[in-house]
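Q: Here it is, the structure, as structure tokens.
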Amino acid sequence: MTNADVARVFNEIADLLEIKGEDAFRVNSYRRVARTVADLAGDINEIAARGALDQLPGVGKSSAQKIQELLATGRVALRDELAAEIPFGLLELLSIPSVGPKKVATLWKERGIQSLADLKAAIAAGKLSDLKGFGPRSIEQIARGIEFLERSAGRVRLGDAWYVAERLRQALAAMPGVQRVEHAGSLRRARETVGDLDLLCVASDGEAVIQEFTCLPGVVEVLAAGETKASVRVEYAAGQSIQVDLRVVPEQSFGAAWQYFTGSKEHNVRLRELAVKRGWSLNEYGLTEGERIIAARSEEEIYAALGLPWIPPELREDRGEFELKTIPADLLRLEHIRGDLHMHTTASDGRNTIEEMAAAAKQRGYKYICITEHSASSAIANGLRPERLRRHIQAVRAAAERITGLTVWIGTEVDIHADGTLDYPDELLAELDFVTASIHAGMGHDLEANTRRTLAAIANPYVNCIGHPTGRLINEREAMPIDIEAIAREAARTGTALEINANYYRLDLKDQHVRLARDLGAAILISTDAHAVDQLDMMYFGVLTARRGWLRREDVLNTRPAKDIRAFVAAKRKRT
Ligand code: DGT
Ligand code: CA
Ligand code: CA
Ligand code: ZN
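Okay, here's the thing in structure tokens:
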């Protein structure tokens, strides 16, 4: 059992207890255990073996016993008892945005609903209309939530897919006789979610590679395995798996295969039309005229033969890329990024200190960082009250003095209240080097209200960036409706940046919004919102999203030197 498995079981227990109606204290104690285990740096099995479970924060004697029981037998008696009492299908209702354990309990006890299918049927038959706590708006919200769930079903977040894909690519590359392995499909295009993984390889003995591939660690099911193709399912998180298609292709037509299997379908359809117009044909074996091969070995040759520059995969969505005469040479790359202006430390809900974040940033070649804790109204995130922020300013400034080779700024991620005011007074914001303002609570469905709220924050002379502007959590929470155009226009006019939150749960702004915002003149800032040192690496997913939004180096604020960031802040304060 992995740490994640143990955490999942404890979360399940908490969910079941909450549906049952147990008191909040008991429920939260199980959630706390789940969080502690999920966040552990070490392996839970080793900690248990050392007899040190009850020394973990939030883990008492009885929880420690339950963890032992789980590790030893794969089960916990309490969970099994609860599962016997409470229909297990109720847990899937919890994944509907806007539905919590209380609502689930009501649906179950008052209407006998035991599963997602039951709930859909009940809504369709109008059976919830006289249920207490389920007004027409709430029912509509639930129906929308179910739709959202069904739309995201089976699609895996880019980051989750990325790690498993890289592991497989490296395992394949290490096999004897394998000359080349590459990602294709939506992963290579860096779509925010991925349906299945597509891998291509060149190998001297394809069948042997296929054979070995189907036996790799993590393969939980073999769907097909032939001479040149295999489809398997690979586990990427506890109980969750993704399909992976591997194709062995000839070296002399690798480029054609790579182009074909990278897609997107829409891009490929357009490309094939260009070939057909010239009397040629294009497929995964090459660009040909009758028997004659025009291009096949590399993607570059294929695009060139069709009179096109090589189009980076992130642009292959049929969103205007065929009109490009040249691809911007300065299309954003990870190595252009000079710093990260949104991260948390142990002062709020982060896991590392200022010094540790700074050291990790230096390792990544950065020139500057900004420490940005939550503000007080984010109580669950241990946000800072004004007097604590004042002390924190001193602490960060003192640390900045000691740290060499990196500029360390002090900022904040200040909450935007429902009325558009901010959680700190202007005098306090004025003492900071860089201010990101974000909405964390009360994300309504009213487009105008959401837009007004954000515009009010943009109007503040001390707000330099709007954090995760739509508030979505990919596969978990839909974006709040908001007028991105109006926001981008005001951001551009006032000298306020818009964030691409690089955490792969967010990627917010998303690709098409990024492009729109840039076209309207807004500066884009890519930030990781890291809560631990390793999360600084999420910058990569932010950069990919920016590339999908066609951003060049010059469009992105944190590709610029520190003095430009200072000037950006100073200019807004002066102007407004
Ligand atoms: P996904 O897996 O849903 O996230 O999206 P993709 O783009 O990875 O799609 P997938 O895995 O079905 O196929 C991989 C690529 O293969 C796709 O992007 C383009 C190419 N492809 C697959 N089927 C067709 C097809 O019927 N026509 C054309 N032109 N290309 C196809
Ligand atoms: Ca795919
Ligand atoms: Ca596929
Ligand atoms: Zn935030």
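So the working numbering is basically just the index in the sequence shown, starting at one, shifted up by 7. For glycine and all other residues, C-beta sits at the position ideal for the given N, C-alpha and C. Since the structure is predicted, the reported quantities are computational estimates derived from the model, not experimental observations.
Pull the bridge partners of N290 from the DSSP assignment, please.
A: Looking at the DSSP assignment, N290 forms a beta bridge with G293.
Q: Grouping DSSP H, G and I as helix and E and B as strand, with all else coil, what is Q121?
A: Q121 carries a coil assignment under DSSP once its states are collapsed to helix, strand and coil.
Q: With a CB to CB cut of under 7 Å and the five nearest residues on each side skipped, what residues in its chain are close to A367?
A: If we look at A367 and ignore the five residues flanking it on each side, its Cβ neighbours are V540, L543.
Q: For L269, which residues in the same chain have their Cβ closer than 7 Å to its Cβ, ignoring the five residues on either side in sequence?
A: According to the sequence shown, residue 269 is Thr rather than Leu. The answer, listed in chain order, is A191, G192, R195, R196, P320, R323.
Q: Indicate the three-state DSSP secondary structure (helix, strand or coil) for F441 in the structure shown.
A: Strand at F441.
Q: Spatial neighbours of I601 within its chain, please: C-beta separation below 7 Å, excluding the five flanking residues on both sides.
A: With the chain covering only 8 through 583, there is no way to say anything about residue 601.
Q: Measure the Cβ-Cβ separation of L480 and R513 and say whether it is below 8 Å.
A: Yes.
Q: Tell me which residue opens and which closes the beta strand (DSSP E) that S6 is part of.
A: This structure does not reach residue 6, given that the chain is present from 8 up to 583, and the question cannot be answered.
Q: Can you round the beta-carbon distance between R277 and D325 to whole angstroms, since I take them to be within the 8 Å contact cut?
A: 5 Å
Q: Taking its Cβ as the centre, do 16 or more other Cβ atoms sit within 10 Å of F220, making it buried, or is it exposed?
A: buried
Q: Quick check on this structure: which residue in R254, V251, A312 has the alpha carbon closest to the alpha carbon of R279?
A: A312
Q: Does the distance from the CB of T477 to the CB of A509 come in under 8 Å?
A: Cβ distance not < 8 Å, so T477 and A509 don't count as in contact.
Q: Entirely within the segment 467-554 and at least 4 residues each: give me those alpha helix (DSSP H) ranges in chain order.
A: 491-501, 518-526
Q: What do you get for F32, buried or exposed, if any count of 16 or more other CB atoms within 10 angstroms of its CB means buried?
A: exposed
Q: Go through the residues and name those whose CB comes closer than 6 Å to any heavy atom of ligand 3, in chain order.
A: G192, D203, D205, D252
Q: Does K236 come out as helix, strand or coil in the three-state DSSP assignment?
A: strand
Q: With a threshold of 8 Å, are at least 3 pairs of Cβ atoms found where one atom belongs to the segment 98-106 and the other to the segment 142-154?
A: yes
Q: Anyone know if the C-beta pair for I491 and I465 falls short of 8 Å?
A: A distance of 8 Å or more separates the beta carbons of I491 and I465.
Q: Please confirm whether A553 and I507 have their CB atoms less than 8 Å apart.
A: Yes, these two residues count as a Cβ contact at 8 Å.
Q: Would the beta-carbon of G502 fall within 8 Å of that of A578?
A: yes
Q: Of all the options S122, V34, K139, T458, which has the alpha carbon lying nearest to the alpha carbon of R86?
A: Out of S122, V34, K139, T458, V34 has the C-alpha closest to the C-alpha of R86.
Q: Taking C-alpha atoms, which residue in A132, D203, A569 lies nearest to L165?
A: D203
Q: Excluding the 5 residues preceding and the 5 following A537 in the sequence, name in chain order all residues of the same chain whose CB lies nearer than 6 Å to its CB.
A: M350, L543
Q: Please give me, in chain order, every unbroken run of the alpha helix (DSSP H) with length at least 4 that falls completely inside the segment 350-393.
A: 361-370
Q: What whole-angstrom Cβ distance do F329 and L315 have, given they're in contact under 8 Å?
A: 7 Å
Q: Using alpha carbons as the reference points, say which of G58, V83, A79, E173 lies closest to Y37.
A: V83
Q: Looking at ligand 1, does it come within less than 7 Å of R269, judged from the CB to the closest heavy atom?
A: Arg is not the amino acid found at residue 269; the sequence shown has Thr there. Checking the Cβ of T269 against ligand 1 gives yes.
Q: Leaving out five residues before and five after L24 in sequence, what residues of the same chain have Cβ atoms less than 8 Å from its Cβ?
A: R33, V34, Y37, L89
Q: Assess, as a yes-or-no matter, whether the segment 416-436 is touched by the segment 373-380 under the definition of 3 or more beta carbon pairs within less than 8 Å.
A: yes
Q: Can you give me the C-alpha to C-alpha distance between L126 and E228, rounded to a whole angstrom?
A: 31 Å
Q: Out of I361, V255, R162, G65, which one is the CA nearest neighbour of R627?
A: The first residue shown for the chain is 8 and the last is 583, placing residue 627 beyond what the model contains.
Q: Please classify T461: does DSSP put it in a helix, a strand, or coil?
A: When DSSP states are grouped into helix, strand and coil, T461 belongs to the helix group.
Q: Would you say A524 and L505 are within 8 Å of each other, going by their C-beta atoms?
A: yes
Q: What does a CB cutoff of less than 6 Å around R240 pick up in its chain, not counting 5 residues either side in sequence?
A: V227, E228, S248, Q250
Q: Quick one: what does DSSP say P169 is sitting in, helix, strand or coil?
A: First, the residue type needs correcting, since residue 169 is Trp and not Pro in the sequence shown. Correct three-state label for W169: helix.
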